[in-house]
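Counting in our numbering, the sequence shown runs from 11 upward without gaps.
One structure is given below, encoded as structure tokens.
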Amino acid sequence: MKFGIFDHIDDAGVPLGQLYADRLRIAEAYDRHGFYGYHVAEHHSTPLGAAASPSLIMAALAYRTKKLRFGPLVYLLPFYHPLRLIEEVCMLDQMSGGRLQLGVGRGVSMYETQAYGLDFTKTQAMYHEAFQVLLKGLTSDELSFSGEFYKFDKVPMILRPVQKPHPALWYGVTLPSNSAWPAENHVNIVALGLRDNTAAIIKAYRETRARHGHDPEGTLIGVSRHVVAAETDDAALAIARRAYPKWRESFRWLFKRHGAEPRVIGIYPPTFDELAALGNGIAGSPATVRRFVADEIAANNCNYFVPHMMFGDYPVEQALRSIELFATQVMPEYAG
């Protein structure tokens with residue numbers, strides 16, 4: 011069992027420079043306490059994501075951490091020129107000594123896509139083509155490719171990643187029907203949604219791997235939940251009740267601007283108490299959080315738990331204490 015972190019790096023109500031400095035300080039705590047990976051979302055034109063260029067925050071992480079793996083969850087491939095992204099991936103993997111985790115995806119928000127002048131109806135095809143280019147560029151001395159969106163003719167690939175054939179791949183999955191491709195291609199996943207949905211995703215993922223004769227434990231199969239730990243249940247709930255509405259406001263902001271709601275808003279109700287009642291988060295003492303994690307593992311059969319431990323206007327000192335309690339009183343339960 012491994013533990014990682016998922017983070018939107020969303021608006022905390024502080025100046026941006028402070029937000030970035032605080033997140034780097036938090037990442038040092040993840041590194042110090044033995045978390046496996048730190049996964050950062052990419053969003054644009056919304057307070058949900060201030061790490062609009064994940065590579066920049068990861069360049070800082072490469073030198074502020076020693077063992078912590080990190081990466082985007084996910085790079086929005088249609089938003090990048092493939093050659094530029096290949097070079098950035100190589101640089102980050104070299105700068106970190108081979109710790110980059112390469113999350114890839116299309117991007118789920120049509121409003122963010124439109125802001126970049128992209129046609130949302132074409133970005134799925136763009137994503138699949140860009141993914142082929144990305145892997146080919148990371149594993150070849152020369153890049154040649156001819157597709158609908160991208161064309162390259164014997165472009166020298168001078169930069170190389172540390173990890174061979176390429177950094178570990180990651181994908182976020184919200185529907186069981188989308189689990190086949192990552193299962194077949196040895197791509198690690200983080201399942202999102204309520205427990206019945208994440209359990210169905212992971213079941214389908216494992217069944218696909220078994221059908222193809224793949225090692226069932228050959229990839230990391232994660233689930234993400236909002237988690238707050240404090241000395242007592244009441245103290246943890248007080249923190250969560252304050253921080254969560256700010257995060258949810260950022261989650262809805264861009265959609266509300268267009269008179270809409272996110273497709274998955276139902277799994278993120280208005281209050282943290284309602285979120286906890288759905289099983290989509292927990293705030294409590296270490297003992298309470300331990301029970302929640304145990305139930306999550308039993309229900310999902312996951313081997314990677316990826317809590318969302320910094321969100322909204324969560325005070326940094328309280329977040330650092332939450333991380334320490336989780337690392338010292340929850341994670342050791344699953345050591346080895």
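For every residue, glycine included, the Cβ atom is placed at its ideal position computed from N, Cα and C.
Nearest-angstrom Cβ-Cβ length linking residue i and residue j, presumed shorter than 8 Å
i: Tyr137; j: Leu185; result: Not quite, the Cβ-Cβ distance comes to about 16 Å (not below 8 Å), so this is no contact.
i: Asn313; j: Ala209; result: In fact, because the Cβ distance is near 14 Å, the residues do not count as touching under 8 Å.
i: Val237; j: Met319; result: 6 Å
i: Glu112; j: His176; result: Contrary to the premise, residue 112 reads as Leu rather than Glu in this sequence. Between His176 and Leu112 the Cβ distance is about 7 Å, and since that is below 8 Å, they are a contact.
i: Val143; j: Phe130; result: 20 Å between Cβ atoms; not a contact.
i: Pro166; j: Glu152; result: 6 Å
i: Lys77; j: Asp41; result: 6 Å
i: Ala140; j: Pro92; result: 5 Å
i: Arg79; j: Gly47; result: 4 Å
i: Leu285; j: Gly291; result: 4 Å
i: Met105; j: Leu169; result: The pair is not a contact, with the Cβ atoms about 11 Å apart (cut-off 8 Å).
i: Phe315; j: Phe89; result: With 8 Å as the limit, Phe315 and Phe89 do not qualify as a contact, their Cβ atoms being about 29 Å apart.
i: Gly182; j: Leu83; result: 6 Å
i: Gly173; j: Asp103; result: Note that residue 173 is Gln in the sequence shown here, rather than Gly. Indeed, because the Cβ distance is near 6 Å, the residues count as touching under 8 Å.
i: Asp243; j: Thr298; result: 6 Å
Identity of the residues DSSP links to residue i by a beta bridge
i: Gln111; result: Ala178
i: Glu152; result: Pro166
i: Pro92; result: None, per the DSSP bridge assignment.
i: Leu86; result: Gly115
i: His318; result: His236
i: Lys161; result: Ser156
i: Ile292; result: Val237
i: His49; result: Phe16 and Gly81
i: Val200; result: Gly182 and Gly232
Terminal residues of the beta strand (DSSP E) in which residue i lies
i: Lys12; result: Lys12 to Asp17
i: Ile231; result: Ile231 to Val233
i: Asn311; result: Per DSSP, Asn311 belongs to no beta strand (DSSP E) and is neither H nor E.
i: Asn207; result: Note, Asn207: premise wrong, no beta strand (DSSP E); alpha helix (DSSP H) at Arg205 to Arg221.
Proximity below 8 Å, CB of residue i to CB of residue j
i: Pro342; j: Ile15; result: no
i: Tyr85; j: Glu52; result: yes
i: Ser295; j: Ala240; result: yes
i: Leu148; j: Ile212; result: no
i: Ala39; j: Leu71; result: no
i: Ser55; j: Ala135; result: no
i: His18; j: Leu66; result: no
i: Leu26; j: Ala60; result: yes
i: Tyr215; j: Ser187; result: no
i: Trp180; j: Gly107; result: no
i: Ala329; j: Ala293; result: no
i: Arg219; j: Ala178; result: no
i: Leu110; j: Val118; result: no
i: Phe326; j: Val303; result: Per the sequence shown, residue 326 should be read as Val rather than Phe. It is not a contact, given that the beta carbons lie outside the stated cut-off.
i: Glu306; j: Arg235; result: yes
Continuous alpha helix (DSSP H) stretch holding residue i: start and end
i: Ala72; result: Pro64 to Arg74
i: Ala329; result: Val326 to Gln339
i: Tyr121; result: Met120 to Ala125
i: Tyr254; result: Asp243 to Arg267
i: Ala31; result: Leu26 to Arg42
i: Asp283; result: Phe282 to Ala287
i: Glu227; result: Careful: Glu227 lies outside any alpha helix (DSSP H) and carries neither H nor E.
i: Ala190; result: Ala190 to Glu194
Closer than 8 Å is the cut-off here; do at least three beta carbon pairs connect the region 248-258 with the region 184-204?
no
When the Cβ atoms of the region 320-332 are set against those of the region 262-281, are three or more pairs found closer than 8 Å?
no
Determine contact between the region 188-199 and the region 276-296, defined as no fewer than three beta-carbon pairs at a distance below 8 Å.
no
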